[in-house]
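One structure below.
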Amino acid sequence: SSQVGFALGLMRAGPWGAAAAWAAFTLPSAILLVLFALGAGSVLDGPVSQGIVHGLKVTAVAIVAHAVWGMARSLCPDRRRAGIALGALFIVFLVSGPLGQVVAIAVGALAGIMLCRVRTEINVQELSLPVSARAGNLAGLVFVTLLAGLPLLVWASPDPSAILAVMDAFYRAGALVFGGGHVVLPLLESEVVQSGWVSAEAFLTGYGAAQAVPGPLFTFASYLGAVMTPLGGSLFGAGLALVMIFLPGLLLLVAVMPHWNRFRRWNSAQALMRGANAAVVGILGAALYQPVWVSAILGPGEFALALTGFLLLSVWKLPAWWVVIILAGGGILITL
């Protein structure tokens, strides 16, 4: 969604319009999550507040389960793509860390080319996109340079700075996400929770709170930047994490735009996307179990609360912010 807003701004008013559209769409939710992060330590204390935190963690279960269900229906409508999703889930469980997700998407894309090709002529409408091939190639070069260069700098530095480590972690998470905001959850968890920067409880609490604010889910990074230990929990950390997680997607968008019309006509590209999208469903399914389910569902009360939230989203079609409020109240009841 943030990339769509950025592209619309670029098409209407050039680079300044793109920047304005991105900021207007992103900053409201980012500011709200930073305020939540900075106030959570002092406000969320005591049994009632701990119940709210617990309810937010259970909310994450309901939200992610609903996302998996919805994405599976749209991206895995046949046996082949369902099989790709299942294979991706197994790969993520077998290969730990971000590497498992990269391998799962790569295998899914290759499987898509072999299994999901539709042998019909592709008719596409030509789009006039205001990005030159030179600008697109430059953006692609910057994207690849940062993706490869930041980890090398961290590895080569005997004592890498906290700023450099945070830039690398959030840029890599943003660069490897494919298929929607919820997919960033396992990537961020492996970067900030497994490294000890953020506790699992604080991570899922913020993720639950992110469901109650408008705007793109990537603004969850601003919450993490404000609470994680490397930068001491600061506004600077929030801003740095926010910019670095969005930057790769925006660079890649600019890089692809000059070649988009040709790419859309390529039948193999369509098949590749079908396979990769199916793999994303499997990756998110793995994230539903670990870290979301394992950290939040501690007994029958939490299970009933998560099921209630899922049904409110999928059957009653309540907006996510309503479900956050209801499950936060339920968290208080099962905690007291």
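Just so you know, we're using this note's numbering here: the sequence shown kicks off at 10 and counts up by one. Ideal Cβ positions, reconstructed from N, Cα and C, are used throughout, including at glycine. Bear in mind that the values here come from a model prediction, so they are computed numbers and not experimental data.
Query                                                                                                                             : Result
Beta-carbon spacing of GLY217, THR344 below 7 Å                                                                                   : no
Nonlocal neighbours in the same chain, by C-beta distance under 7 Å from PRO239, ignoring five residues either side               : ALA171, ALA174, VAL175, TRP206
For GLN220 and GLY48, the rounded distance between their alpha carbons                                                            : 18 Å
Reduced DSSP category for ARG82 - H, G, I as helix; E, B as strand; rest coil                                                     : helix
7 Å Cβ cutoff met for GLY14 and ALA30                                                                                             : yes
Range of the contiguous alpha helix (DSSP H) that encloses ASP177                                                                 : 171-185
Under the three-state DSSP convention, the category ALA221 falls into                                                             : coil
Own chain, CB closer than 6 Å to ARG271, minus 5 neighbours either side, in chain order                                           : none
PRO239: first and last residue of the uninterrupted alpha helix (DSSP H) it sits in                                               : Taken as a continuous stretch (DSSP letters only), PRO239 belongs to no alpha helix (DSSP H), as it is neither H nor E.
Status (buried if at least 16 other CB within 10 Å, exposed otherwise) for MET237                                                 : buried
Cut-off 6 Å between Cβ atoms - residues of its own chain near PHE212, not counting five sequence neighbours on either side        : VAL202
Between the CA atoms of SER11 and LEU36 - distance to the nearest angstrom                                                        : 11 Å
Closest by C-alpha distance to SER323, when choosing among GLY79, ILE306, ARG89                                                   : GLY79
Outcome for MET253 when other beta-carbon atoms lying within 10 angstroms are tallied against a minimum of 16                     : buried
Pair within 7 Å by beta-carbon distance, ALA42 and THR228                                                                         : At residue 42 the sequence reads Leu, which differs from the Ala that was named. Yes, Cβ-Cβ distance for LEU42 and THR228 is below 7 Å.
Of the residues GLU198, PHE187, GLY26, the one placed nearest LEU297, counting alpha carbons only                                 : GLU198
Identity of the residue in ILE306, ARG82, LEU259, VAL290 nearest VAL151 by Cα                                                     : LEU259
Secondary structure of ARG88, DSSP reduced to three states                                                                        : helix
Proximity of ALA235 and ALA32 at Cβ, strictly below 7 Å                                                                           : no
Limits of the alpha helix (DSSP H) - the one that SER10 falls within                                                              : Taken as a continuous stretch (DSSP letters only), SER10 belongs to no alpha helix (DSSP H), as it is neither H nor E.
8 Å contact criterion, which VAL290 and ALA81 should meet: CB distance rounded                                                    : 5 Å
Short Cβ contact (7 Å threshold) for ARG90 with ALA280                                                                            : no
Through-space distance from VAL116 to GLY26, alpha-carbon basis                                                                   : 37 Å
Spatial neighbours of LEU84 in its chain, beta-carbon cut-off 6 Å, leaving aside the 5 residues before and after                  : ASN286, ALA287, VAL290
Own chain partners of LEU321 with C-beta closer than 8 Å, once the 5 adjacent residues on each side are dropped                   : ALA71, LEU327, TRP331, VAL332, ILE335
Host alpha helix (DSSP H) of LEU143 (start-end)                                                                                   : Strictly speaking, residue 143 in this sequence is Arg, with Leu absent from that position. Its alpha helix (DSSP H) spans residues 142-165.
Contacts around SER277, its chain only, beta-carbon distance under 8 Å, and the 5 residues preceding and following it disregarded : ILE122, ARG126
Local Cβ density within 10 Å of LEU194, reported as buried at 16 or more and exposed below that                                   : buried
Closest residue to THR209 among PRO24, MET20, VAL62, PHE34 (Cα-Cα distance)                                                       : Checking the sequence shown, residue 209 turns out to be Ala, not Thr. ALA209 has its Cα closest to that of VAL62, out of PRO24, MET20, VAL62, PHE34.
Pairwise C-alpha distance: LEU147 and PRO107                                                                                      : 26 Å
Buried/exposed call for ALA142, threshold 16 Cβ in 10 Å                                                                           : exposed
Short Cβ contact (7 Å threshold) for SER38 with GLY339                                                                            : no
Three-way DSSP call (helix, strand, coil) for ARG348 in this model                                                                : Nothing can be reported for residue 348: it is not among the residues displayed for the chain, which extend from 10 to 345.
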